[in-house]
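Numbering (our numbering), first residue to last: 251 to 1408.
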């Protein structure tokens, strides 16, 4: 559409609409004029600006009682906005009058500084947009006149109105508009965002005039905006961001160093009664004298602290980004005028954002701090060259460094209180600020730590903050097991400590991020500080107070890593500062990262000192389990009063002295040991184990020479009873292996097994000096392969000899070692497929063995071929050929046997078979031990021995014969736990040597087990759901699950099967627990495989579930459900399970019943 560019034509075109609007002020006429204005080009509209604005301003002056006043005013304001957005205001009177008239549209008649009630949000938004367009349209020499003293009353009313709209409105659009106009009113708008396009920047004198004028309103603006920021957060982050921007730009305009430096004291109002300030207007002008600046800075500091506290932890990252901009802007423009009182909170806001989770906030913060650092350095150089700069405020360079140190000291003092009182979010903020100070000071941290006061405050803050919560009783209750020690030894991860550290619970915080920041603080201290000083100080705390021991150990661990530069994130790496980023000064000499910089020798010396302290006897052998009357014998019997067991006839080299596993701290392991103390000991050991891994991580491959003194103690704790300690030790082994360059913990132990086993062997001979030797051996076996067997052989002899010397006192201790040994042998020498029986898992799950339907067509074909061959041989057909073949084969077989075996030479047994026989022989004697715990452990060992000897049947059968009487006693007359464990051993024996045990089991075991099951059946049938948690139930279930496969393996006779059937029949009742019914069904499925016809007949007598094929004429028909069935209990309770058995076992086999084969 072509626009009108001729002023005369445009005037003639607009004149009727303007006249009509003056005569008839209606919305339609305003819209008509607005539409015509859009048809003019900008230059033409600029020439007709005054003429066009006259009717619009005339309508605004109409009385408030005019019809459709609000809608009419909104239309007029929108039309004026179009004019002002496309033209420039060159007349001061126009600017002043329009500003007053637009403010009156929203102001209350009684109070021009407050908005009128009942004004719609649409009108407010339109007026604010028009005001923004007006201020942007003001010509370069017109806008500064707003800041003359004579206009201060009107300007003050406008400021008050805008603040009221920004603070009290509910509409975000109105709030943002009011704050935007307020920003433009002070000449601080962002050019390009306003409606008038580019806005000319104010000159030096103009900014000084604006600052002088806005100084009168500085208290009201800052207080109102602080209330807005700290008020209801529901107004959204955009309003908060805009309010922060108005706050700091207004403060910078009034308190700017450039303005205060260039103006003489009192120059802004030298002549308050002159022509520019008639009447009382001159009294409103603020004289920015040094006293006024100092007082204003003090009051602004209070508001600044409140504003920072409300926004530093804001949820939205844009608010935090604007806070960084606030700090940067004020430090750059008002560093002198605001002084140290405001510089502290500003720096705190910056350093607190250094570790922000939003990358854009972190980058902006680093830029701001880098700029502040450069300004501080330049200020120091300027002071040295030309003396102190003029103007108020201290030297910026000195103030910057001093404020950092003082803030660090003050924050360290208040940190424990903050972490006890504040929520986790604010705790994290405070710690980020603390970390930021350390990073900003960089190498200067070392100088601060040289001050005893600073070091004491920082260390005490860390000690109090890192206090652990050790009240959880589960820490003591969780016991370790062999499964923990046998975790898969995979390759070490990139960070050996990742995924292995125990989760710690602290008294004063719960968020894991807080703990991460605390550990980073410790690493940063180690990186920039003096390693010798820090290690010595925290070791003193570690030794002096048990209350600070765990906290000091955590700090020491991370300090060692930080001293080596591990896990330390520095700012601006590679930009100078010796790797310390962009600190205020160059790093101290001798430090790649401050202090001694993690040099190899100093770090190694620190690691050695810390590990020696950790593994000392008083700090390493701590009680981790309560001692009570029913304590295990390895802690109850192995007491100092039972030392010096030396039977006569034994050489002194084999003398074994036995002590408690915690003899060095027997007083702490007394019966009065509290849960609190035990938990504390457990966590202390875990932290010390983490410290060993941290030392290895710090030194890397250089840690290998320290393995000779540190690996053995770590393996001691890998076998500890406390689950947390055991896990921490295994994690430490993983960490050490990865740090030293080993592929896995298994390789670490294998490469160092020679001196490890040497230490174990020595300690086994003098247990009072090394009571943990059996546990170390168990851990070594759990993380080794068969290549270790030659080295272990002699040591096994030492263990067995020690066991022979004193069964009463060493049984519990060495049974654990033998158990680990046998588990290792089973793992190293697994049985071949030919010797594998029914898996134990299948036995426990009630799974049945091969069923009749599993027979293939090949099995039947082979059976028929063999049968035919036997008949031919019986009739003499092919007998001669058979004899000839046998005569030819016999000499060859004899020659081969002679060559292989030799004359009367017994084949040498493998080493693992010899060891297993020796262990099994000791188990025979220990099966009758008075301690139930030892008997259970021995039964486990016996089961593992059977698994190893399965392939050597000639060696297994004599050993089974030797231990059978003791095993039988466990099966028939012992604690239910022992019976349960003994039955599992019996099942394993049945799989390995079933034919050998058939007669013994038939005569000595089955009758007693059957009688026991029969006695317990009525009890379990009447019991409720709680019965499934009893030991009697578990024994019933184990026998029912295992006896079926045992009977199948033993191939029992008819009489024995009938006895088993009679004993198991009550468990087919539907009144029994479901698990017992399922286990009983699995037993019958196994028994059906032994003799299908007999059991089909027996089951059919109880329940006729299937139709029967008619028998041959010479046989009598079957009568299921006859008298034999009726003599027993009611058939109703057995119907379901009997029916299931008959259908599953016989119908699925392809024939209706075995009886039909007659």
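Ideal Cβ positions, reconstructed from N, Cα and C, are used throughout, including at glycine.
Closest to residue i by CA distance: which of the options is it?
i: residue 386; options: 337, 956, 425 and 930; result: 337
i: residue 960; options: 429, 1051, 859 and 381; result: 859
i: residue 1001; options: 1030, 379, 453 and 691; result: 1030
i: residue 940; options: 1307, 977, 1221 and 1276; result: 977
i: residue 775; options: 763, 1262 and 817; result: 817
i: residue 335; options: 362, 305, 296 and 356; result: 296
i: residue 607; options: 591, 625 and 571; result: 571
i: residue 219; options: 1385, 660, 990 and 1005; result: Nothing can be reported for residue 219, as the shown portion of the chain is limited to 251 through 1408.
i: residue 1327; options: 1286, 1299, 1302 and 965; result: 1286
i: residue 1251; options: 951, 1309, 1350 and 1317; result: 1309
i: residue 585; options: 552, 602 and 511; result: 511
i: residue 533; options: 994, 1222, 399 and 564; result: 399
i: residue 433; options: 1284, 569 and 499; result: 499
i: residue 1292; options: 1014, 1237 and 349; result: 1237
i: residue 199; options: 1224, 1225, 1162 and 1221; result: Limits of the chain in this structure are 251 at one end and 1408 at the other, which puts residue 199 out of reach.
i: residue 989; options: 1015, 1023 and 948; result: 948
i: residue 781; options: 856, 794 and 710; result: 856
Measuring straight from C-alpha to C-alpha, what distance separates residue i and residue j?
i: residue 538; j: residue 693; result: 40 Å
i: residue 1390; j: residue 1045; result: 56 Å
i: residue 301; j: residue 471; result: 37 Å
i: residue 1066; j: residue 1054; result: 15 Å
i: residue 1282; j: residue 1266; result: 8 Å
i: residue 946; j: residue 980; result: 14 Å
i: residue 598; j: residue 357; result: 40 Å
i: residue 969; j: residue 1338; result: 47 Å
i: residue 352; j: residue 403; result: 16 Å
i: residue 369; j: residue 355; result: 9 Å
i: residue 1372; j: residue 1299; result: Note that residue 1372 has pLDDT 44, beneath the 50 cutoff, so the model's placement of it is unreliable and no number is given.
i: residue 661; j: residue 708; result: 9 Å
i: residue 401; j: residue 582; result: 31 Å
i: residue 1324; j: residue 1278; result: 10 Å
i: residue 714; j: residue 874; result: 24 Å
i: residue 395; j: residue 438; result: 16 Å
i: residue 872; j: residue 1185; result: 28 Å
i: residue 1437; j: residue 674; result: Outside the shown range of the chain (251 to 1408) lies residue 1437, about which nothing can therefore be said.
i: residue 1340; j: residue 1334; result: 10 Å
i: residue 654; j: residue 506; result: 22 Å
i: residue 425; j: residue 491; result: 12 Å
i: residue 805; j: residue 690; result: 21 Å
i: residue 812; j: residue 569; result: 33 Å
Using a beta-carbon distance below 9 Å, is residue i in contact with chain C?
i: residue 1055; result: Annotation note: the requested chain C is absent from the structure, which comprises a single protein chain.
Within its chain, find whatever has a CB closer than 6 Å to the CB of residue i; leave out the 5 residues flanking it on each side and keep chain order.
i: residue 721; result: none
i: residue 1092; result: With a pLDDT of only 38 at residue 1092, under 50, the local geometry of the prediction cannot be trusted, and the value read off the model is given with reservation. Nothing meets the Cβ criterion.
i: residue 376; result: 324, 327 and 328
i: residue 1189; result: 1231, 1232 and 1235
i: residue 1248; result: 1300
i: residue 322; result: 277
i: residue 1191; result: 1068, 1069, 1072 and 1173
i: residue 567; result: 608 and 611
i: residue 1225; result: 1182
Identify the residues that DSSP records as bridge partners of residue i: which are they?
i: residue 756; result: 718
i: residue 365; result: 357
i: residue 388; result: 339
Can you list, in chain order, the residues of its chain with a C-beta nearer than 7 Å to that of residue i? Leave out the 5 residues immediately preceding and following it.
i: residue 1254; result: 1218
Could you tell me which whole alpha helix (DSSP H) segments of length 4 or greater appear in the stretch 255-342? 257-273, 277-287, 292-297, 299-310 and 319-336
Where are the alpha helix (DSSP H) runs, 4 residues long or more, that stay fully inside the stretch 1309-1341, in chain order? Taking only runs of at least 4 residues, the alpha helix (DSSP H) segments lying wholly in the stretch 1309-1341 are 1324-1340.
Taking only runs that begin and end inside the stretch 582-632, name each unbroken alpha helix (DSSP H) of 4 or more residues, in chain order. 585-602
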